[in-house]
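>
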Amino acid sequence: MRIGITGASGFIGSAFARHAAAAGHEIVAFSRSGKVIAPWVTESRRVSDLSATLSDAADATKPIALEASGCDALVHLAGESLLGWWSKAKKQRIWSSRVDLTKAVVASLSSAKPRPRIVLCASGAGFYGDRGDEQLDESSQRGKGFLADLCGAWEGAARQAERLGARVVFLRTGMVLGDGGGAMKLLKKVFGLGLGGRLGNGRQWMPWIHLEDQARLMLWCIESANVTGAVNHVAPGATTNREFTETLAQQLKRPAFFHAPAFALRLVMRDMATEMFLASQRVRPSVALDLGFTFEHPDLQSALTASLTSDLRPPTSDLRPPTSDLRPPTSDLRPPTSDLRPPTSDL
Ligand SMILES: NC(=O)c1ccc[n+]([C@@H]2O[C@H](COP(=O)([O-])OP(=O)(O)OC[C@H]3O[C@@H](n4cnc5c(N)ncnc54)[C@H](OP(=O)(O)O)[C@@H]3O)[C@@H](O)[C@H]2O)c1
Numbered sequence: 001m002r003i004g005i006t007g008a009s010g011f012i013g014s015a016f017a018r019h020a021a022a023a024g025h026e027i028v029a030f031s032r033s034g035k036v037i038a039p040w041v042t043e044s045r046r047v048s049d050l051s052a053t054l055s056d057a058a059d060a061t062k063p064i065a066l067e068a069s070g071c072d073a074l075v076h077l078a079g080e081s082l083l084g085w086w087s088k089a090k091k092q093r094i095w096s097s098r099v100d101l102t103k104a105v106v107a108s109l110s111s112a113k114p115r116p117r118i119v120l121c122a123s124g125a126g127f128y129g130d131r132g133d134e135q136l137d138e139s140s141q142r143g144k145g146f147l148a149d150l151c152g153a154w155e156g157a158a159r160q161a162e163r164l165g166a167r168v169v170f171l172r173t174g175m176v177l178g179d180g181g182g183a184m185k186l187l188k189k190v191f192g193l194g195l196g197g198r199l200g201n202g203r204q205w206m207p208w209i210h211l212e213d214q215a216r217l218m219l220w221c222i223e224s225a226n227v228t229g230a231v232n233h234v235a236p237g238a239t240t241n242r243e244f245t246e247t248l249a250q251q252l253k254r255p256a257f258f259h260a261p262a263f264a265l266r267l268v269m270r271d272m273a274t275e276m277f278l279a280s281q282r283v284r285p286s287v288a289l290d291l292g293f294t295f296e297h298p299d300l301q302s303a304l305t306a307s308l309t310s311d312l313r314p315p316t317s318d319l320r321p322p323t324s325d326l327r328p329p330t331s332d333l334r335p336p337t338s339d340l341r342p343p344t345s346d347l
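This is the structure:
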């Protein structure tokens with residue numbers, strides 16, 4: 001199969017591309033630069049930089065956001081990072097790089113020949129909002145808040161691809177754990193400084209998934225013709241923030257005495273703290289489990305051990321921008337020296 005990926009240079013996109021290529025698929029990497037260079041990328045194409053081409057969100061369906069002809073499946077992961085200060089402008093970028101870009105991407109699919117038959121669109125466990133101890137699965141209603149609204153609108157925009165005959169899957173992903181990026185990069189630094197600890201009362205449920213399972217489950221969604229709609233990309237071993245903090249501290253052999261009270265987090269980070277660090281989502285991957293998907297890292301111990309030693313991470317040197325075109329091609333086949341570091345070197 002020929003699989004197009006937007007956000008192919010990112011943390012999840014590069015791991016997925018590498019995994020799908022190893023399984024025998026061809027990868028078309030879409031990026032704003034149009035130049036993602038990696039041994040597992042068959043072809044590199046451009047996706048619109050929303051800020052440069054779509055000044056008016058109402059116009060989002062007009063320009064061609066990407067040229068997806070020849071792709072059997074499109075995996076749409078691109079979007080402004082959620083991390084950082086949620087100013088009005090940042091929230092606008094988070095929204096428009098997902099909702100407006102997804103509208104534009106779907107509109108572009110109508111002119112693709114042949115068209116992708118499968119569309120996977122990123123979403124998040126943030127869809128469920130803050131739900132205490134309620135057991136949530138794909139049939140649960142959307143919650144409240146910026147992230148819940150964002151995921152709802154993002155999925156709504158992607159769902160329009162069904163009108164073009166595509167099978168559409170939404171990836172409701174929890175915190176992705178893997179070496180070299182995402183939350184683990186930040187957590188290892190924080191714990192390394194001795195500043196690790198529970199957030200708020202620590203009783204909030206934190207959905208998470210190991211990067212390897214994220215990539216495997218995404219490919220499983222593509223290859224399973226009966227899978228459609230929302231699929232929770234979270235491990236079955238749900239944990240509270242307190243359990244997560246204690247297990248990570250144990251594995252890193254670092255203290256976790258620090259405690260960030262909810263009021264302080266809200267004072268400093270306002271709605272970002274409430275939605276990203278204090279919201280409770282006890283999410284079960286019901287679709288995956290009921291249809292027979294097997295997780296490699298179903299429990300936190302296993303996922304953290306693998307995250308602290310994993311080599312799934314693509315070497316950053318292989319994702320260099322265009323100047324790397326001047327290198328002799330064989331240099332891309334070098335083993336990544338960064339993977340030879342002991343895992344503690346990030347601390
Ligand atoms: N990582 C997680 O724990 C997690 C959890 C839940 C959901 N998700 C969702 O999964 C998707 C992929 O996550 P990730 O961790 O791989 O993200 P990432 O590493 O930040 O990569 C996202 C990619 O999107 C593109 N991008 C960045 N800013 C953009 C903008 N303003 N407009 C258009 N494109 C932009 C970039 O690709 P180019 O520069 O090459 O164009 C970037 O490589 C995201 O939509 C994220 O919200 C992630």
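Just so you know, the sequence shown maps onto residues 1 to 347 in my numbering.
A virtual CB, placed ideally from N, CA and C, is assigned to each residue, including glycine.
In three-state DSSP terms, what is Ala-238?
In the sequence shown, residue 238 corresponds to position 238, counting from 1. The answer is coil: DSSP assigns Ala-238 none of H, G, I, E or B.
> How many angstroms separate the CA atom of Trp-95 from the CA atom of Leu-252?
If you number the sequence shown from 1, residue 95 lands on position 95. If you number the sequence shown from 1, residue 252 lands on position 252. Each residue's Cα considered, the two are about 35 angstroms apart.
> Count the other CB atoms, across all protein chains shown, that sit within 10 Å of the CB of Lys-88; report buried if there are 16 or more and exposed otherwise.
Numbered from its first residue, the sequence shown carries residue 88 at position 88. Result: exposed.
> Rounded to whole angstroms, what's the CA-CA distance from Ala-65 to His-76? Just pull it up for me.
If you number the sequence shown from 1, residue 65 lands on position 65. If you number the sequence shown from 1, residue 76 lands on position 76. Between Ala-65 and His-76, the C-alpha separation is close to 12 angstroms.
> According to DSSP, Asn-232 sits in a beta bridge with which residue or residues?
Sequence index remark: in the sequence shown, residue 232 carries index 232 (1-based). In DSSP, Asn-232 forms a bridge with Arg-172.
> Of the choices Phe-258, Thr-309, Val-36, whose alpha-carbon is the least far from that of Leu-193?
Working through the sequence shown from its first residue, we reach residue 193 at position 193. It is Phe-258.
> With which residues is Ser-96 paired in a DSSP beta bridge?
Stepping through the sequence shown from its first residue, residue 96 is reached at position 96. Answer is none; Ser-96 lacks a bridge partner.
> Taking C-alpha atoms, which residue in Glu-275, Glu-296, Asp-213, Ala-262 lies nearest to Tyr-128?
Position 128 of the sequence shown, counting from 1, holds the residue named residue 128. Selected option, being the one with the closest Cα: Glu-275.
> State the DSSP-derived secondary structure class of Trp-154, mapped to helix, strand or coil.
Translated into the one-based positions of the sequence shown, residue 154 becomes position 154. Trp-154 falls in the helix class under three-state DSSP.
> Thinking C-alpha only, which one of Ala-235, Asp-100, Ser-9, Thr-245 is nearest Ala-157?
Translated into positions along the sequence shown, residue 157 becomes position 157. It is Asp-100 whose Cα lies nearest to the Cα of Ala-157.
> May I ask which residues mark the beginning and end of the beta strand (DSSP E) holding Thr-6?
As a working mapping, residue 6 is identified with position 6 in the sequence shown. Note, Thr-6: beta strand (DSSP E), 2 to 6.
> Reducing DSSP to helix, strand and coil, say where Trp-220 ends up.
Here the question's residue 220 lines up with position 220 in the sequence shown. In this structure, Trp-220 counts as helix in the three-state DSSP scheme.
> Pop quiz: Met-218 and Leu-120 are said to be a contact at Cβ under 8 angstroms. What is the actual Cβ separation, rounded to whole angstroms?
Here residue 218 corresponds to residue number 218 of the sequence shown, with the count starting at 1. Here residue 120 corresponds to residue number 120 of the sequence shown, with the count starting at 1. Indeed they touch by this definition, with Cβ atoms about 6 angstroms apart.
> Just how far apart, CA to CA, sit Ser-55 and Ala-104?
For this step, residue 55 is matched to residue 55 along the sequence shown. For this step, residue 104 is matched to residue 104 along the sequence shown. Caution is warranted here: a pLDDT of 46 is assigned to Ser-55, below 50, making its placement in the model unreliable, and the coordinate value is therefore given only provisionally. Taking the straight line joining both Cα atoms gives about 12 angstroms.
> Three or more C-beta pairs under 8 angstroms: does that hold for the stretch 224 to 234 against the stretch 277 to 288?
The stretch 224 to 234 is in contact with the stretch 277 to 288.
> What first and last residue would you give for the beta strand (DSSP E) that runs through Gly-400?
The requested residue 400 is not part of the displayed model; the chain covers only 1 to 347.
> Rounded to whole angstroms, what is the Cα-Cα separation between Thr-6 and Ser-123?
Residue 6 sits at position 6 when you count from the first residue of the sequence shown. Residue 123 sits at position 123 when you count from the first residue of the sequence shown. Roughly 14 angstroms separates the two Cα atoms.
> Does the stretch 231 to 251 come within contact of the stretch 107 to 114, defined as at least 3 CB pairs closer than 8 angstroms?
no
> With Phe-30 as the anchor, note down where its alpha helix (DSSP H) starts and where it stops.
What you label residue 30 is simply residue 30 of the sequence shown in a count that begins at 1. No alpha helix (DSSP H) holds Phe-30; the beta strand (DSSP E) holding it covers 26 to 31.
> Given Ser-307, which residues of its chain have a CB within under 8 angstroms of its CB, disregarding the five upstream and five downstream residues?
Indexing the sequence shown from 1 puts residue 307 at position 307. If we look at Ser-307 and ignore the five residues flanking it on each side, its Cβ neighbours are Leu-177, Gly-178, Asp-179, Met-184, His-210, Leu-211.
> Please name the residue or residues paired with Phe-11 in a DSSP beta bridge.
Locating residue 11 in the sequence shown gives position 11, counting from the first residue. Beta-bridge pairing links Phe-11 to no other residue.
> So, with DSSP's three-state summary, where would you put Arg-334?
For the purposes of this step, residue 334 is taken as residue 334 along the sequence shown, with counting starting at 1. With a pLDDT of only 35 at Arg-334, under 50, the local geometry of the prediction cannot be trusted, and the value read off the model is given with reservation. It is coil, neither helix nor strand.
> In or out: Lys-113 buried (at least 16 other Cβ within 10 Å) or exposed?
Against the sequence shown, residue 113 aligns to sequence position 113. It is exposed - the Cβ of Lys-113 has fewer than 16 other Cβ atoms within 10 Å.
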